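Colleague: Take this structure, written in structure tokens, and hold onto it; I'll ask about it next.
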Amino acid sequence: MDIPYTVKNRPDTGLYNGKLGIWLFLASEVMLFGGLFSAYIFLRTGVESWPSGSEYLDIPLATLNTLFLITSSVTMVMSWASLKLNDFNKFKIYAGITLLLACAFLVIKYFEYSHKFHVGYFPSYNNFLGIYFTMTGLHVLHIIGGIIVIFYFWIPGAKMWESDPERFTNRIEIVGLYWHFVDLVWIFLFPTLYLL
Amino acid sequence: MSELTPEQVKNHIKTYVLVFVSLAFLTIVTVGISYLEVSVGMGITLALIVASIKGSLVACYFMHLIDEKVTIYWTLIATVVAFLILIFVPLSAILDHTKI
Chain R
94 MDIPYTVKNR
104 PDTGLYNGKL
114 GIWLFLASEV
124 MLFGGLFSAY
134 IFLRTGVESW
144 PSGSEYLDIP
154 LATLNTLFLI
164 TSSVTMVMSW
174 ASLKLNDFNK
184 FKIYAGITLL
194 LACAFLVIKY
204 FEYSHKFHVG
214 YFPSYNNFLG
224 IYFTMTGLHV
234 LHIIGGIIVI
244 FYFWIPGAKM
254 WESDPERFTN
264 RIEIVGLYWH
274 FVDLVWIFLF
284 PTLYLL
Chain W
131 MSELTPEQVK
141 NHIKTYVLVF
151 VSLAFLTIVT
161 VGISYLEVSV
171 GMGITLALIV
181 ASIKGSLVAC
191 YFMHLIDEKV
201 TIYWTLIATV
211 VAFLILIFVP
221 LSAILDHTKI
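The listed protein sequences derive, respectively, from chains R and W.
Note that the first sequence covers residues 94 to 289 in this note's numbering.
Note that the second sequence covers residues 131 to 230 in this note's numbering.
Here it is, written out as structure tokens:
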């Protein structure tokens with residue numbers, strides 16, 4: 094039996110099911126990260142002094158990572174647009190660049206974390222580093238999740254393009270929505286933790 | 131976004147490039163603000179305003195919220211209300227603590 098409304102929009106919601114599903118998931122993600130931002134405000138306003146991010150963190154590296162993520166967001170949306178234009182080869186190129194940029198983000202994060210551990214800055218060192226590792230660690234897990242899903246649609250899952258191109262295009266749109274959300278979270282994490 | 135013609139998609143691509151350039155520029159602006167000699171409160175306000183503009187660009191154009199179905203808007207309105215409550219819980223605790 095076929096799953097209904099994977100391509101056509103449902104008459105009641107005006108959306109295909111996967112799209113409504115990802116937006117509901119993203120709504121829950123807003124609350125997950127919102128809880129952590131709320132904890133950050135609580136911790137920061139509850140003390141007399143709060144360290145500046147630049148005391149512990151590397152701003153140039155984080156700026157580079159920000160540029161990597163926003164570039165990966167545009168390549169992700171370009172991969173979807175390529176499928177809309179029936180250009181599968183361009184989809185492969187853009188999705189591949191997205192994966193590369195996501196991996197570059199992780200490599201930089203690895204250097205950031207390893208440097209901090211090397212000088213003894215663990216999450217238990219103080220509240221700032223505690224919330225820094227919690228928030229960026231959760232974000233890194235989301236990046237890893239995104240890499241796994243994009244990779245799946247880049248190589249093994251791409252076979253669907255041959256059998257059901259519209260459904261495959263919708264799947265890439267859904268992955269893209271998730272990936273843009275991960276970028277969106279970083280857009281707020283970057284100034285909150287590194288610059289303020 | 132499923133009923134787009136190839137011409138419309140090509141127009142979207144131009145928008146994506148413009149949004150990307152704007153995001154890169156605003157990232158530099160965000161870093162620049164952190165070096166300004168302003169009070170902590172002003173620095174936080176400016177940085178969050180720029181972050182909100184960047185976030186809106188991503189949501190409106192990359193996530194296509196600017197021309198989405200009303201079902202998604204209602205979902206997001208409910209989310210934003212719940213998010214604001216979550217953010218204002220610690221702020222209300224501060225007001226209580228300082229007896230304002």
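All C-beta atoms, glycine included, are put in the ideal place defined by N, C-alpha and C.
Given the structure is predicted, the values throughout are model-derived calculations rather than measurements.
For a quick check, are the C-beta atoms of L178/W and P284/R less than 8 Å apart?
Modeller: In this structure, P284/R lies closer than 8 Å to L178/W by Cβ.
Colleague: Under a three-way DSSP split, which group does Y109/R fall into?
Modeller: In the structure shown, Y109/R sits in coil (DSSP, three-state: anything other than H, G, I, E or B).
Colleague: Note the first and the last residue of the continuous alpha helix (DSSP H) segment covering C196/R.
Modeller: Here the alpha helix (DSSP H) through C196/R covers 181-211.
Colleague: Which residues in chain R have a C-beta closer than 7 Å to the C-beta of T175/W? List them in chain order.
Modeller: What T175/W touches in chain R: nothing, since even the nearest Cβ is about 10 Å away.
Colleague: From the beta carbon of A174/R, is the nearest beta carbon of chain W less than 8 Å away?
Modeller: Answer yes: the Cβ-Cβ gap between A174/R and chain W drops below 8 Å somewhere.
Colleague: How about I163/R: is its C-beta nearer than 8 Å to some C-beta of chain W?
Modeller: By this cut-off, I163/R is an interface position.
Colleague: Within a Cβ cutoff of 7 Å, which residues of the same chain sit near E122/R, ignoring the five residues on either side of it in sequence?
Modeller: These residues qualify, in order along the chain: F274.
Colleague: Do I217/W and I134/R come within 8 Å of each other at the CB atom, strictly closer than that value?
Modeller: Contact flag set, yes.
Colleague: Of all Cβ atoms in chain R, is any one closer than 8 Å to the Cβ of M193/W?
Modeller: Output row for M193/W: interface = yes.
Colleague: In the DSSP assignment, find the alpha helix (DSSP H) that holds T100/R and state where it starts and stops.
Modeller: The residue asked about is misnamed: residue 100/R is Val in this sequence, not Thr. It is not in any alpha helix (DSSP H) - V100/R carries neither H nor E in the DSSP assignment.
Colleague: At the 8 Å Cβ level, is S169/W part of the contact set with chain R, yes or no?
Modeller: Cβ-Cβ to chain R under 8 Å: no for S169/W.
Colleague: Do G146/R and L289/R have their C-beta atoms closer together than 8 Å?
Modeller: The answer is yes: Cβ separation under 8 Å.
Colleague: Would you mind giving the Cβ-Cβ distance between Y191/W and V159/W, rounded to the nearest angstrom? I have them listed as a contact below 8 Å.
Modeller: Contact flag wrong, Cβ pair sits at about 18 Å.
Colleague: Does the Cβ of F215/R have 16 or more other Cβ atoms within 10 Å, making it buried, or fewer, making it exposed?
Modeller: Under this definition F215/R is an exposed residue.
Colleague: Measuring alpha carbon to alpha carbon, tell me which residue in W254/R, T156/R, M228/R is nearest V161/W.
Modeller: Residue T156/R is the option with its Cα nearest to V161/W.
Colleague: May I ask you to report which of helix, strand or coil DSSP gives L286/R?
Modeller: Residue state, collapsed to three classes: helix.
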